[in-house]
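Chemist:
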Amino acid sequence: MTRRQLLILLPAAAVAWEHILAGTPEASPNYTMSEHWWGMLMDITKCIGCGSCVRACQLENHVPDGYYRTWVERYQVLDWTVETPHVDSPDGGKNGFPPPKEVGGKNFFVPKMCNQCADSPCTQVCPVGATFVTPDGVVLVDQKYCLGCRYCVQACPYGCRFINPSTETANKCTLCYHRITKGLTTACCEVCPTGTRQLADLKNPKDPIHEFLKNHSVQVLKPHLATKSKCFYYGLDGSVR
Amino acid sequence: MAAVFLVGVLAFLGLRGLLVPRSFGQYGHYRGDAIKEIAALPVSYAGHQVCEGCHTEVLDVKSKGMHKGVACESCHGPQAKHADDPAAVQPAKLDTAVLCVRCHAANSSRPKNFPQVGAAEHSGGEACNTCHQPHSPAMVAGGSQ
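First to last, the protein sequences are chains A and B.
Under this note's numbering, the residues of the first sequence are numbered -7 to 233, in order.
Under this note's numbering, the residues of the second sequence are numbered 5 to 149, in order.
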């Protein structure tokens, strides 16, 4: 065989081999990823800090004690010092909040979780392709592929990732991917008593999110980072980090 | 020379075939099957629609009252196992002394318009459900709502 023949043959062989390896992708019966683009709406004005979402998330997703895929922060802005609010989150707000030490000022709760960024810094730093944005806009971690190197934990500007001590792999909110693909809402939205949290499908024209976004001033956390966050906060105060 | 090259390339492709999962690269630089695996995880919270299918009498009461927006499992906890087999798995009895104050204990951090009470003075030490009906709690003239 001449070198010329070999060079012609090789790419053809490689393409054929790739084809063999790829297999036929299975079609999911009722759920089509390309028809959805998930996000969430947080109406801060409604949050009562009951911690139902934190408890439900831990039970639904078997989150170990002391770790949180979602948590609730309490803000108190005394003397209108927007730069230095008092922030606390005892046990992630899981068991609610005691009355504040000082009464007065501006008080509110802020539920936090993975912002499901479309341009997510966390997925970009993964050295092995273990974390990624799905075609329907959810940031997930492949538990079988993750090495536990912690790059993504460092990269998330919102502090939403942790290393699960029992598996030593990166863990985070999956936007209850196992629920939303079955037509259910997330565990946190299911139990939220006041409608503070609302799952939103931005590709569904009938989703009330469109009407809401059209008529309300909303904000994302740390907009200057341009992560294309899909967690929209209504009533977000300037003191929130 | 060409033979060595060919053997090397084939060995590379062979190893790559063994080591790289089939679904890697299906949607991007990751294992496509990971999506299916995560989607297949079991649920613990069945969702209020499921409860309402069987407990229609509770729904009738609740949908007219002030707790209409509060989902069953917000109070009763995750009950997917009960919903799958109601005879085998019974939801635990709830303690209203713990349950109701989670949401209703007076706290100046809470939005002012949310109904809240100083539990001890308000209830006089009695269980909340001696006066309030959990599924329809508001006290109005001529019954609860």
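Every residue gets a Cβ at the ideal spot worked out from N, C-alpha and C, and that includes glycine.
Note that this is a predicted model, so its numbers are computed, not measured.
1. Along chain A, which residues have their Cβ under 8 Å away from the Cβ of B:PRO115?
2. What's the C-alpha gap between B:VAL8 and B:LEU23?
3. Find the nearest neighbour of B:ARG26 within the set B:ALA110, B:ALA43, B:ARG35, judged by alpha-carbon distance.
4. Ignore the nearest five residues each way along the sequence and tell me which others in A:CYS118's own chain have a CB closer than 7 Å to its CB.
5. What runs of the beta strand (DSSP E), each 3 residues or longer, lie entirely inside the stretch 178 to 203 of chain A?
6. Please give the ranges of any beta strand (DSSP E) in the stretch 138 to 177 of chain A, keeping only runs that are unbroken, at least 3 residues long and fully inside the region.
7. Please list the partners that B:GLY129 has in chain A, where partner means a Cβ-to-Cβ separation under 8 Å.
8. If you draw a straight line from the alpha carbon of A:SER20 to that of B:MET143, how long is it in whole angstroms?
9. So, at 6 Å on beta carbons, what are the nonlocal neighbours of A:LYS86 in its own chain, with the 5 sequence-adjacent residues on each side left out?
10. Measure the C-alpha to C-alpha separation of B:GLU41 and A:CYS148 and round it to an integer number of angstroms.
11. From the DSSP output, in three-state form, read off A:GLY15 for me.
12. With DSSP run on the structure shown, which of helix, strand or coil describes B:ALA109?
13. Just checking my contact of A:CYS141 with A:CYS152 at CB under 8 Å: how many whole Å lie between their CB atoms?
14. Taking 9 Å as the threshold (beta carbon to beta carbon), is B:GLU125 in contact with chain A?
15. Give me the Cα-Cα distance between A:ILE201 and A:GLY187, rounded to the nearest whole angstrom.
16. Contact defined as beta carbons within less than 8 Å: I believe A:GLY97 pairs with A:GLN68. What is the distance between those atoms, to the nearest angstrom?
17. Listing by chain order, which chain B residues have their CB less than 9 Å from the CB of A:LEU191?
18. So, at 6 Å on beta carbons, what are the nonlocal neighbours of B:VAL62 in its own chain, with the 5 sequence-adjacent residues on each side left out?
19. Compute the Euclidean distance between the alpha carbons of B:GLN120 and A:CYS39, then round it to the nearest angstrom.
20. Hey, how far is the Cα of A:THR37 from the Cα of A:ALA122?
21. Report all residues from its chain with a CB closer than 6 Å to the CB of B:TYR49; omit the five preceding and five following residues, and keep chain order.
22. With 16 as the cutoff for other CB atoms within 10 Å, does B:LEU14 come out buried or exposed?
23. Which same chain residues, not among the five before or five after A:GLY15, have their C-beta less than 6 Å away from its C-beta?
24. Mapping DSSP to helix, strand and coil, what is B:GLY146?
25. Express the C-alpha separation of A:ASN99 and A:ALA110 in angstroms, rounding to a whole number.
26. Report the CB separation of A:PHE224 from A:GLY31 in whole angstroms; it is logged as a contact under 8 Å.
27. Starting from A:TRP63, follow its DSSP beta bridges and name the residues at the other end.
28. Under 7 Å, CB to CB, which of the residues in the stretch 88 to 110 of chain B have a partner in chain A?
Modeler: The structure says:
1. THR37, LYS38, CYS39, ILE40, PHE100
2. 22 Å
3. B:ARG35
4. TYR143, CYS144
5. 189 to 193
6. 154 to 156, 161 to 163
7. Here the premise fails: no neighbours, minimum Cβ distance about 20 Å.
8. The pLDDT assigned to A:SER20 is 49, lower than 50, so where the model puts this residue is not dependable; a value taken from the coordinates is nonetheless given after this. Approximately 49 Å between the Cα atoms of the pair.
9. GLY43, VAL46, ARG47
10. 24 Å
11. Model confidence at A:GLY15 stands at a pLDDT of 43, short of 50, so the residue's coordinates are unreliable; what they give is reported in the following sentence. A:GLY15: coil per DSSP, three-state reduction.
12. strand
13. So it is not a contact: roughly 17 Å between Cβ atoms.
14. no
15. 13 Å
16. 5 Å
17. Result: empty, since nearest Cβ-Cβ is about 12 Å, beyond 9 Å.
18. HIS139
19. 13 Å
20. 37 Å
21. GLU77, PRO82
22. exposed
23. Any reading at A:GLY15 must be qualified, since the residue scores a pLDDT of 43, below 50, and its modelled position is unreliable; the value itself is stated next. For A:GLY15, where only same-chain residues beyond five positions count, there are no Cβ hits under 6 Å.
24. Residue placement at B:GLY146 is flagged as unreliable, the pLDDT there being 46, under the threshold of 50; the coordinate-derived value follows with that caveat. Coil at B:GLY146, not helix or strand.
25. 31 Å
26. 7 Å
27. A:LYS104
28. ARG106, CYS107
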